[in-house]
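Presented below is the structure to which this report refers.
There are 2 protein chains.
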Amino acid sequence: MLISFICNVLISSIAYSITRKLIPNLKEMFIKSNIYGIDLNKDNGIKVPEAFGVVTGCIFLISLFLFIPIPFGHIFFERRSDDFSNNEFVELISALLSICCMILLGFADDVLNLKWRHKLLLPTIASLPLLMVYYVNFNSTTIMLPKILHECFTTSINIGFLYYVYMGSLAVFCTNAINILAGINGLEVGQSLIIAISVIVFNLLQIFGDSVSEKHQLSLYIMCPYLATTLALWEFNKYPSTVFVGDTFNYLSGMTFAVVGILGHFSKTLLLFFIPQILNFLYSTPQLFHFIPCPRHRLPKFDPKTGLLNYSKTSFKLEDLSILGRICFNILKTLRLIKYEVTKDNVIYCNNLTLINFFILFTGPIHENKLNNLILCFQVACSLVAFMIRYPLAHYFYG
Amino acid sequence: MLISFICNVLISSIAYSITRKLIPNLKEMFIKSNIYGIDLNKDNGIKVPEAFGVVTGCIFLISLFLFIPIPFGHIFFERRSDDFSNNEFVELISALLSICCMILLGFADDVLNLKWRHKLLLPTIASLPLLMVYYVNFNSTTIMLPKILHECFTTSINIGFLYYVYMGSLAVFCTNAINILAGINGLEVGQSLIIAISVIVFNLLQIFGDSVSEKHQLSLYIMCPYLATTLALWEFNKYPSTVFVGDTFNYLSGMTFAVVGILGHFSKTLLLFFIPQILNFLYSTPQLFHFIPCPRHRLPKFDPKTGLLNYSKTSFKLEDLSILGRICFNILKTLRLIKYEVTKDNVIYCNNLTLINFFILFTGPIHENKLNNLILCFQVACSLVAFMIRYPLAHYFYG
Chain V
55 MLISFICNVL ISSIAYSITR KLIPNLKEMF IKSNIYGIDL NKDNGIKVPE AFGVVTGCIF
115 LISLFLFIPI PFGHIFFERR SDDFSNNEFV ELISALLSIC CMILLGFADD VLNLKWRHKL
175 LLPTIASLPL LMVYYVNFNS TTIMLPKILH ECFTTSINIG FLYYVYMGSL AVFCTNAINI
235 LAGINGLEVG QSLIIAISVI VFNLLQIFGD SVSEKHQLSL YIMCPYLATT LALWEFNKYP
295 STVFVGDTFN YLSGMTFAVV GILGHFSKTL LLFFIPQILN FLYSTPQLFH FIPCPRHRLP
355 KFDPKTGLLN YSKTSFKLED LSILGRICFN ILKTLRLIKY EVTKDNVIYC NNLTLINFFI
415 LFTGPIHENK LNNLILCFQV ACSLVAFMIR YPLAHYFYG
Chain E
55 MLISFICNVL ISSIAYSITR KLIPNLKEMF IKSNIYGIDL NKDNGIKVPE AFGVVTGCIF
115 LISLFLFIPI PFGHIFFERR SDDFSNNEFV ELISALLSIC CMILLGFADD VLNLKWRHKL
175 LLPTIASLPL LMVYYVNFNS TTIMLPKILH ECFTTSINIG FLYYVYMGSL AVFCTNAINI
235 LAGINGLEVG QSLIIAISVI VFNLLQIFGD SVSEKHQLSL YIMCPYLATT LALWEFNKYP
295 STVFVGDTFN YLSGMTFAVV GILGHFSKTL LLFFIPQILN FLYSTPQLFH FIPCPRHRLP
355 KFDPKTGLLN YSKTSFKLED LSILGRICFN ILKTLRLIKY EVTKDNVIYC NNLTLINFFI
415 LFTGPIHENK LNNLILCFQV ACSLVAFMIR YPLAHYFYG
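Okay, structure coming up:
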């Protein structure tokens with residue numbers, strides 16, 4: 055275990071330095087191939103190369119390819135290793151297959167601008183190999199119930215096919231959750247870094263405190279090179295971004311987290327690390343499902359005079375909304391979760407329902423970098439809360 | 055076996071019809087995203103969408119994902135299947151991983167126009183997972199020797215690390231061999247179809263005639279959906295092409311062949327199906343290694359007046375060539391494998407060294423479609439020769 059871990063960290067460090075060197079060299083190539091965007095929160099109009107997730111994704115994959123023989127090869131362990139069985143080996147390969155599929159589909163999305171319905175379909179397709187391997191290898195679809203239900207029911211129930219739906223949904227959720235909490239420099243990469251570090255800390259805590267550690271080892275081996283390549287990307291994507299990461303990166307990250315959550319059997323804990331993403335998703339729901347009008351971009355609005363960001367708005371008339379739309383609006387209004395103005399002719403101007411805009415409601419116009427740091431601090435705080443829930447509270451509920 | 059095979063054929067048929075429907079619908083999207091080319095052998099200047107290998111590649115992968123549970127799941131076989139062991143399962147997953155990597159890298163190449171050195175590097179990277187799995191699972195690096203050598207040496211020798219170099223090279227060769235025998239409508243897809251059919255026939259012959267059939271079953275399961283999706287692509291890529299396949303398709307095809315050859319342990323037989331590609335490679339060598347000047351495009355030259363193709367030329371002075379270049383030129387001249395003219399000021403105009411141009415030397419100016427059919431007939435003839443070599447002659451040499 056220790057040798058494998060040291061090799062993994064070593065490979066990750068090399069991956070970090072290669073990624074750092076490679077990214078600036080590739081910028082020109084991406085711009086030449088028309089894969090770039092203009093930063094809407096700047097007024098310089100510079101072309102920023104896009105979809106750099108594909109670069110870190112490839113290096114991440116290659117690192118893991120090269121790592122495979124270390125824990126699984128027969129140089130290090132004369133007989134089949136004690137720590138790892140053939141099952142873990144298949145799991146790792148299928149995890150890589152799912153991640154590779156997601157990079158491919160994410161890159162295709164960045165290049166071809168796929169439609170919204172594809173964004174739900176793609177992660178489902180990419181999680182297929184993982185689900186199939188899960189089906190062939192384990193097909194264990196039993197979940198533990200909280201202690202409180204033990205008296206009424208049993209200690210665990212077999213939810214059968216629904217378990218696969220749950221795992222597929224986890225992949226769809228993770229990929230899209232990161233994708234919709236985005237729009238200011240460094241936010242996608244920053245939040246992914248914090249989630250990755252949280253997962254690694256959790257894995258280490260489990261390995262040192264628990265008996266069933268193989269699953270967490272596997273997760274650790276996947277997360278370390280991911281963290282390394284993402285850290286290198288962060289250097290170029292943090293404010294002011296010189297490269298954009300594209301949907302490729304968000305998909306790749308979401309799938310990586312989903313994969314370790316599923317294979318490591320800690321999907322519920324994983325979701326605890328996604329609290330800000332879940333809040334953002336819930337807050338966005340009325341617009342995502344078009345109960346309240348959703349403009350194409352919901353980014354904060356950049357004011358070229360002050361250089362600060364203000365919240366962006368959507369506009370509608372209350373009588374044009376569906377019943378659900380009106381209910382949503384009234385709930386948000388009552389809970390004071392939105393800011394809105396009503397003009398003389400009854401048009402309502404309300405802030406776009408994203409966590410980013412929600413933060414600006416409290417801070418007022420704010421600099422992009424400051425806003426990003428604020429949200430990332432919130433993510434860190436949520437991770438701390440997650441650990442508090444996971445350890446003392448879960449013990450209370452599950453024993 | 056029979057149930058799995060029927061399901062595989064069924065899934066392949068569905069994949070065929072989905073691909074046929076999907077391709078025309080996606081054309082507009084590719085052109086909008088600047089992924090198109092102009093057909094140099096036509097004078098209409100129409101934008102033809104490029105890189106459609108990514109579409110067939112994705113459908114091919116999804117077909118195989120959905121197929122996985124059939125031979126390996128425990129619905130059909132209560133206990134672990136007799137036909138298939140866990141090893142075959144890992145092999146299939148790693149084969150898919152290698153193919154998926156190659157699609158990703160091929161598509162990146164089409165979009166980003168990677169450099170020539172990458173074209174050698176990419177298949178090596180993509181074959182890594184396969185080699186790693188081979189290393190962890192088998193690590194058998196022994197090769198049989200022909201009977202004639204049995205007396206001097208042993209019946210087989212262990213070539214160790216060289217075996218991995220050989221497998222890696224096979225992947226590099228297969229991907230690039232298809233990639234350089236290209237340039238007229240339908241040729242890449244046509245040759246891939248013929249090789250695929252040859253492999254399938256060979257697998258069936260082995261399954262019905264041999265005892266060790268699992269490897270050939272696995273190959274068959276991979277080749278059928280490949281054949282189906284490629285057949286659908288052929289409908290649109292044959293003369294006159296309405297879509298181009300891009301490097302993505304060539305890479306995907308080459309890697310698929312290499313993968314079945316390696317996992318099925320019939321890499322030598324596989325190379326027999328690549329006779330035209332090998333001839334083309336050998337004939338091209340002087341230009342590929344720049345012993346003789348190599349222009350950027352070596353396509354045949356289109357004559358808008360007649361609508362026919364003539365061979366294209368490269369020009370040089372004999373005294374400007376290196377020694378190797380002069381040797382190559384003299385050998386080719388002596389063997390009458392080239393046509394050339396010498397101008398008064400000693401400039402030599404010689405046909406570009408590709409199989410396509412070589413055919414035109416014999417036929418004279420020829421219509422694109424006719425030329426393609428001719429080369430494909432040659433490929434079929436070579437496959438027949440391959441079977442003749444494989445069965446009677448191999449028996450003679452290897453017993």
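Chains as they are written, first to last, in my numbering: chain V, 55 to 453; chain E, 55 to 453.
Ideal Cβ positions, reconstructed from N, Cα and C, are used throughout, including at glycine.
If you're wondering where the values come from, they're calculated on a predicted model, not measured in any experiment.
Select from V/Leu362, V/Leu324, V/Leu378 and V/Phe327 the residue whose C-alpha is nearest the C-alpha of V/Ile346. Just measuring C-alpha positions, the residue of V/Leu362, V/Leu324, V/Leu378 and V/Phe327 sitting nearest V/Ile346 is V/Leu378.
Should V/Ala225 and V/Met309 be called a contact, given that it needs their Cβ atoms to be closer than 8 Å? Yes. Within cutoff.
Name the DSSP beta bridge partners of V/Phe370, please? Answer is V/Ile402, bridged to V/Phe370.
In the region 322-388 of chain E, which residue ranges form an unbroken beta strand (DSSP E) of at least 3 residues, counting only runs that do not cross its ends? The beta strand (DSSP E) runs of length 3 or more contained entirely in the region 322-388 of chain E are, from start to end of the chain, 355-357, 362-364 and 367-371.
Buried or exposed: where does V/Met20 fall if 16 or more other Cβ atoms within 10 Å of its Cβ makes it buried? Given that chain V is displayed from residue 55 to residue 453, the structure contains no residue 20 of chain V and the question cannot be resolved.
By a C-beta neighbour count over all protein chains shown, 10 Å radius and 16 as the cutoff for buried, is V/Gly237 buried or exposed? Buried.
Given that a residue counts as buried once 16 or more other Cβ atoms are within 10 Å of its Cβ, and exposed if not, what is E/Gly160? Using a 10 angstroms sphere on the CB of E/Gly160, the tally of other CB atoms reaches 16 or more, which defines it as buried.
What's the C-alpha gap between V/Tyr39 and V/Ser210? The question about residue 39 of chain V has no answer here: the residues shown for chain V are numbered 55 through 453.
Looking at the structure shown, is V/Gly222 part of a helix, part of a strand, or coil, going by DSSP? Three-state result, V/Gly222: helix.
Using the three-state DSSP reduction, which class does E/Lys96 fall into: helix, strand or coil? Reduced to three states, the DSSP call for E/Lys96 is coil.
For V/Val63, I'd like the list of residues in its chain whose CB is within less than 7 Å of its CB, leaving aside the five on either flank, ordered along the chain. Once the five neighbours on either side are set aside, the close Cβ partners of V/Val63 are Cys278.
Taking Cβ-Cβ distances shorter than 7 Å, what residues in chain A pair up with V/Asn88? Looking for chain A here will not work: the only protein chains present are V and E.
For chain V, find out if any of its Cβ atoms is closer than 8 Å to the Cβ of E/Ala435; answer yes or no. Answer no: the Cβ-Cβ gap between E/Ala435 and chain V never drops below 8 Å.
Suppose the cutoff is 8 Å on Cβ atoms and the five residues either side in sequence are ignored; what does the same chain contact list for E/Met442 look like? Same-chain partners within the cutoff: there are none.
State the beta-bridge partners of V/Asn167 as determined by DSSP. In the DSSP output, where bridge partners are listed per residue, V/Asn167 has none listed.
Check whether the Cβ of V/Ala162 lies closer than 8 Å to any Cβ atom in chain E. When Cβ-Cβ separations below 8 Å define contact, V/Ala162 makes contact with chain E.
Would you kindly work out how many angstroms separate the C-alpha atoms of V/Phe416 and V/Leu428, rounded to a whole number? Rounded to whole angstroms, V/Phe416 to V/Leu428 spans 12 Å at the Cα level.
Among the candidates V/Val313, V/Glu268, V/Lys96 and V/Ser338, whose CA atom is the shortest distance from the CA of V/Thr178? Looking from the CA of V/Thr178, the closest CA among V/Val313, V/Glu268, V/Lys96 and V/Ser338 belongs to V/Val313.
Note down, in chain order, all residues in the region 164-181 of chain E with a beta-carbon under 7 Å from any beta-carbon belonging to chain V. Flagged, chain order: Val165, Leu166, Asn167 and Ile179.
Name the DSSP beta bridge partners of V/Pro103, please? In the DSSP secondary-structure assignment, V/Pro103 is bridged to V/Tyr90.
Just to confirm, are E/Ala69 and E/Ser117 a CB contact at a threshold of 8 Å? Contact: yes.
Could you tell me whether the Cβ of V/Tyr450 comes closer than 8 Å to any Cβ of chain E? No, V/Tyr450 lies away from the interface with chain E (no Cβ there is under 8 Å from its Cβ).
Using only CA atoms, which one of V/Leu120, V/Met221 and V/Ile234 lies nearest to V/Cys348? Looking from the CA of V/Cys348, the closest CA among V/Leu120, V/Met221 and V/Ile234 belongs to V/Ile234.
E/Leu372 classed as buried or exposed, judged by whether at least 16 other C-beta atoms fall within 10 angstroms: The residue is exposed, with fewer than 16 neighbouring Cβ atoms inside 10 Å.
Own chain partners of E/Arg74 with C-beta closer than 6 Å, once the 5 adjacent residues on each side are dropped: Within the same chain, E/Arg74 has close Cβ partners Ala286.
Could you pull out every residue in the same chain whose Cβ sits closer than 8 Å to the Cβ of E/Leu274, ignoring the five residues on either side in sequence? The residues are Phe59, Asn62, Ile254, Asn257, Leu258 and Ile261.
Enumerate in chain order the residues of its own chain whose CB-to-CB distance from V/Thr302 is below 7 Å, with the five nearest sequence positions on each side excluded. If the five residues before and after V/Thr302 are omitted, its C-beta is found closer than 7 Å to the C-beta atoms of Ala105, Gly107, Val108, Gly111, Ile157, Gly160, Phe161 and Asp164, all from its own chain and listed in chain order.
Note down the Cα distance separating E/Asn411 from E/Pro354, rounded to an integer number of angstroms. Rounded to the nearest whole angstrom, the C-alpha separation of E/Asn411 and E/Pro354 is 6 Å.
DSSP state of V/Glu205 mapped onto helix, strand, coil: If DSSP states are grouped into helix, strand and coil, V/Glu205 belongs with coil.
For the ligand NAD, is there a heavy atom less than 7 Å away from the beta-carbon of V/Ile316? With respect to the ligand NAD, the structure shown offers nothing to examine, as it has no ligands at all.
For E/Pro183, which three-state DSSP category applies? Three-state DSSP puts E/Pro183 in a helix.
Would V/Phe207 be called buried (16 or more neighbouring beta carbons within 10 Å of its own) or exposed? So V/Phe207 ends up on the exposed side.
Name the two residues that bound the continuous alpha helix (DSSP H) containing V/Asn212. Premise fails: V/Asn212 lies in the beta strand (DSSP E), Ser210 to Asn212, not in any alpha helix (DSSP H).
Measuring CB to CB, does E/Cys155 end up less than 8 Å from E/Pro183? Between E/Cys155 and E/Pro183, the C-beta gap is smaller than 8 Å, which places the two residues in contact.
What does DSSP give as the partner residue(s) for E/Glu395 in the beta ladder? Under DSSP, the beta-bridge partners assigned to E/Glu395 are E/Tyr403.
How should E/Ala2 be labelled, buried or exposed, when 16 other C-beta atoms within 10 angstroms of its C-beta is the threshold for buried? Because chain E is modelled from 55 through 453, residue 2 of chain E falls outside the range shown and cannot be assessed.
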